[in-house]
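Notes follow once the structure below has been shown.
Number of protein chains: 2
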Amino acid sequence: MGKKVIIVGGMAAGASASARLRRLDEKAEILLLEKGEHISYASCGLPYYVGGVIADRRKLFVQTPEAMKTRFNLDIRTGHELTEISPENRTISVRDLSGHVYEEHYDCLLLCMGTMPIVLDWLKPGPNVFSVRNVADSDALRELATVRRIQSVALIGGGPIGLEMAEIFQGLQLETHIVDLADQVLPALDPDMAAHVHQELRRHNVRLHLGSKAVRAEGGPEGIRTLHLENGESIQADLFILGLGLRPASDPARRAGLKIGATGGIVTDEYLRSSDPFIYAAGDVIQAKNFVSGGEYQFSSAVAATRQGWIAAGNIHGLNLPYKGAQSTFIAKAFTQTAAATGLNEKTLRAGGFPHVSIHLSPSSHASYYPGASALNLKVIFDPRDGRLLGAQGVGAAGVDKRMDVLSTALRAGLNVFELQDLELAYAPPYSTAKDPVNLAGYIAGNAVLGLTEVTHWAPALSGAGENGALLLDVRTDKEFSAGSVPGAYHIALDQLRERCSELPAGREIFVYCLSGLRSYVAIRILAQRGFRVKNISGGYLLYQVLTQDGRLSC
Amino acid sequence: MGKKVIIVGGMAAGASASARLRRLDEKAEILLLEKGEHISYASCGLPYYVGGVIADRRKLFVQTPEAMKTRFNLDIRTGHELTEISPENRTISVRDLSGHVYEEHYDCLLLCMGTMPIVLDWLKPGPNVFSVRNVADSDALRELATVRRIQSVALIGGGPIGLEMAEIFQGLQLETHIVDLADQVLPALDPDMAAHVHQELRRHNVRLHLGSKAVRAEGGPEGIRTLHLENGESIQADLFILGLGLRPASDPARRAGLKIGATGGIVTDEYLRSSDPFIYAAGDVIQAKNFVSGGEYQFSSAVAATRQGWIAAGNIHGLNLPYKGAQSTFIAKAFTQTAAATGLNEKTLRAGGFPHVSIHLSPSSHASYYPGASALNLKVIFDPRDGRLLGAQGVGAAGVDKRMDVLSTALRAGLNVFELQDLELAYAPPYSTAKDPVNLAGYIAGNAVLGLTEVTHWAPALSGAGENGALLLDVRTDKEFSAGSVPGAYHIALDQLRERCSELPAGREIFVYCLSGLRSYVAIRILAQRGFRVKNISGGYLLYQVLTQDGRLSC
């Protein structure tokens, strides 16, 4: 026999690692422990299973323990939980379903225990209180939602799973509430991009309780009925779903004295080796390196976990493969909209004091004359000193996943915004435009880095404008302007600007906007070359409307 | 006034250049000449307009000369054609619609005349013979196809426009023929990927005449009726569409003594300046640099033309921006399938003697348990010495455009196949899989570069297999094998391979296949570690079936 490797956890990281290790080494003795009933099942598909989008329950099980055992010659034990690690003896204690505890020796240990849901002391899982963590939860929820006649649901936490569940429950005609402590859903997005998602949720009658802390629950023997918020409001519901976030399931590692990071994840070196030389760790249980910032953070991701599992297995086999870090790529579907992000967001950059500028655009997902095109709201963040790409976010009905994947790839390759201009992306009318939205983002950002335009944003523009401040200039058409505009804005349609620019004050700063930012850029160039001090308001009137409806601008 | 710049050609490159130049320079005198009636119209949308997918003719006109004149303060003259250039005098001769010829002086000239269709001496445009080059052609075709009761059409040339037209005419219930001199459609693809497109065309009853030279046409006063092929066959049709390719419209440049390349395009330096210091050129009229090979070639692309126009305008203004080259990114829709490519294909690499290896895969476009998933056929080509990405091709019903754009970006950034493994792409079940198809391609190719598997292909595998040659080994399940297999293949299901590998000959080479290549890779690892000499047949039985149906394998 070869060396004995124990892999703890049979989801993304552990399953990926055990298969890879066997492909590299037919001789190794590989023991895969999983505390649950299933391995490598489609945990990301659970919400869709609850809602019936995935009708066949068997489709959730990508791998069965039996099939994987046979194919990869593994010793797989489901219902077996790691309780203690003894690094000095290179042994672990394992508890099986009957409660029996036994020891196993390892030559090498790989920890892939993933995460645990964050819980509330006062709202424990119960007959009508659930998390959506495993197949058993989902079976129970599916039964509740589709067979029994419940009428309303409160989702505590507005993360991706919360939104997927909201879509599903709305589809089942339930009154649906989302409660979140933050003043936005989808924390990976900045508030200005989350505002697009809020608009979509409200359009589908989801009741949002944002910036709201749930503090107390009330109910009877048959379950919770009322959720009280700190602001005095209360929500009546038949079903409560907990989605408060996840924490690394690193407790046994901590007790064994392995180094644990500030985020609660196991600290590893770049080869995914923990502070003990015979113990590796991979997946959501580790504290990951952020590829873009270089910092350490907690990041739950099936993509990163799968990659880390693959790398850890290689390193256990003696290869020397570094894991280069995670970059927070995320995507979620919310009704007709897709929201996605990659890299650092502005909240993080601001908190870390990193120099950054963001630009917004809303181009067409593909040629506007070809059926099915829709506006794609993009935000791209870069370093104003050299144009290095730092992060991107997108919300829209079509083509968001494609652009975010292109931007993820560009970010990974270390491209700057000028290099986004050079990308030669696939264009035919059903797919894109001759300048793809990613190219356009590169042009807008590149012009800002070169000083051809200066970018401002709605909040500073509105607080900086006024009689003693800057002039707000609207360059849309007469028709657009009269249909609705920003209070106090002066209006000159772009096509009259050259002949009417004498109307503008010579010394005063001018903040220009149009619908989305294209015409205002032309206006900026006309005015700047005539000596005016001008800034382009990123996102234009489209973003103004979304932010206003979301209560994010006071004017 | 500032300097006088004349831009010749008002489509992608010329329109992009004139707007950019004005944004940079309010003082320049800019004259835009266009020989046609329209500028910057949606030429890529013409086939969809013919078919009625785009119902509103006005949607084709992205820009009108009047609107662009006003917005960018340009002197735009449509119906004015460049006839001669006199570099010594810095003048050009222009002929207007009335036939009047006049001279214009320039300080700087930018040539963006695009391409001319390649024509046949014996099949001139006529009442039922068309190219699809401009709005007038399309108006006539639309009338013929939708109003008059024609019954059949022959498309001469199987390029992207030919395929778009085939889809449209099939939708109108016409008997549709495609004739091409090459033994495949879509020359940007390799034959093994074009085979997927042929399958789709045949499934929709398009009659393919490939490897067929059209040599003679016959008809009466009301039009052509019969097309004769060199092989003796003939095609009866009511309508003939010419799509034989394009050549640079560089004749005036050639007559003026500007340097013209082997492809017929105007030669420029990397700043898009021609051999005359006061003349720039951009768009399909130039001989482009290939970013991947470093060679020069003819490449018609609205994306590249737009980018070149933008860069040339910057350089005319005195910026010093290099154009870094084109990379042959292409995409076309063929019925339910999308076909796309980027970079170098195998035909080109083989012809140029570049070392390369290609791999094929057919993963799911997104999580297979989520509705709408379909097989995505990918081919990725790389340098076996260091894994540098050289090109990629894809055909499938969903997600092809996204993966090709990711691969285009990776190619542009100079990534190798190992770096494709690291890409952190957006995953949720409606969008992708935890290992995205691009990651999977990186894993397969990376394993080949590292020697964990050796890749072979169907044609060499079939000619190398046999009693005195290699053994063909099928590792699919019993059920799959009995439903159809490759003649002469030995069968051991993967899950029995460890116990049955003594059945295999020790010294003989073994070529392994499964359905798509995943299980055969596991088999390769099992066998290689036991000392067998093994190769993986790229693309598996899926590709075998497609190639066999396309008549590309003799066995």
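Protein chains in written order, with the working numbering: chain Y, -5 to 549; chain D, -5 to 549. Each residue gets a CB set at the ideal place from its N, CA and C atoms; glycine is no exception. Computed from a prediction, not measured in an experiment: that's the story for all the values here.
- Using a CB distance cut-off of 7 Å, residue 38 (chain Y) counts as an interface residue toward chain D.
- For the stretch 3 to 21 of chain D, the set of residues with a beta-carbon nearer than 9 Å to any beta-carbon of chain Y comprises 6, 10, 13, 16, 17, 18, 19, 20, 21, in chain order.
- Straight across, the Cα-Cα distance linking residue 58 (chain Y) with residue 193 (chain D) is about 35 Å.
- Here residue 532 (chain D) is near residue 449 (chain D), since their CB atoms are less than 7 Å apart.
- In the three-state reduction of the DSSP assignment, residue 174 (chain D) falls in the strand class.
- Beta-bridge analysis with DSSP links residue 387 (chain D) to D:335, D:373.
- In terms of Cβ geometry, residue 291 (chain D) and residue 104 (chain D) do not form a close pair [threshold 7 Å].
- Taking C-beta atoms as the reference points, residue 296 (chain D) and residue 320 (chain D) fail to come closer than 7 Å.
- In the same chain as residue 56 (chain D), and ignoring 5 residues on each side of it, the C-beta atoms closer than 8 Å to its own belong to 34, 35, 36, in chain order.
- With a threshold of 7 Å between beta carbons, residue 472 (chain Y) makes no contact with chain D.
- At the C-beta level, residue 279 (chain Y) and residue 260 (chain Y) come within 7 Å of one another.
- The bridge partners DSSP lists for residue 348 (chain Y) come to none.
- Interface with chain D (7 Å Cβ-Cβ cutoff): residue 418 (chain Y) is included.
- Contacts between residue 47 (chain D) and chain Y, judged by CB atoms closer than 8 Å, involve 364, 365 in chain order.
- Under the Cβ distance rule, residue 321 (chain D) counts among the residues neighbouring chain Y, one pair being separated by less than 7 Å.
- Residue state for residue 144 (chain D) is assigned as coil, using DSSP reduced to three classes.
- In terms of Cβ geometry, residue 384 (chain Y) and residue 354 (chain Y) do not form a close pair [threshold 7 Å].
- Contact annotation: residue 81 (chain Y) and residue 159 (chain Y) have beta-carbon atoms that are not nearer than 7 Å.
- Look at the stretch 391 to 404 of chain Y: the residues with a C-beta under 7 Å from a C-beta of chain D are 395, 396, 398, 399, 400, 402, 403, 404.
- Taking a C-beta distance under 7 Å as the contact criterion, residue 400 (chain Y) and residue 432 (chain Y) qualify as a contact pair.
- Contact annotation: residue 507 (chain Y) and residue 525 (chain Y) have beta-carbon atoms that are not nearer than 7 Å.
- Short of 7 Å from the beta carbon of residue 270 (chain Y), and not among the five residues preceding or following it, lie these beta carbons of its own chain, in chain order: 81, 252.
- In this structure, residue 266 (chain D) lies away from residue 256 (chain D), with their beta-carbon atoms at least 7 Å apart.
- At a cut-off of 7 Å between C-beta atoms, residue 489 (chain D) counts as an interface residue with respect to chain Y.
- If you draw a straight line from the Cα of residue 394 (chain D) to the Cα of residue 389 (chain Y), it is about 21 Å long.
- The straight-line gap separating the alpha-carbon atoms of residue 314 (chain D) and residue 19 (chain D) is approximately 15 Å.
- Out of D:457, D:206, D:235, D:264, the CA that lies nearest to the CA of residue 132 (chain D) is found in D:235.
- Cβ-Cβ separation between residue 180 (chain D) and residue 154 (chain D): approximately 7 Å, consistent with a contact (criterion under 8 Å).
- Within chain D, the residues 20, 67 have their CB atoms less than 9 Å from the CB of residue 492 (chain Y), given in chain order.
- Residue contact with chain D for residue 409 (chain Y): present (Cβ-Cβ distance below 7 Å to some residue of chain D).
- Cβ-Cβ distances below 7 Å link residue 425 (chain D) to 360 in the same chain, with the five nearest sequence neighbours on each side left out; the list follows chain order.
- Excluding residues up to 5 positions away in sequence, 116, 222 lie with their Cβ nearer than 7 Å to the Cβ of residue 210 (chain Y) in the same chain.
- For residue 242 (chain D), the enclosing beta strand (DSSP E) stretches over residues 240 to 242.
- In terms of Cβ geometry, residue 147 (chain D) and residue 163 (chain D) form a close pair [threshold 7 Å].
- DSSP, read as helix, strand or coil, puts residue 230 (chain Y) in strand.
- Interface flag for residue 265 (chain Y) against chain D is unset, since no Cβ pair is found closer than 7 Å.
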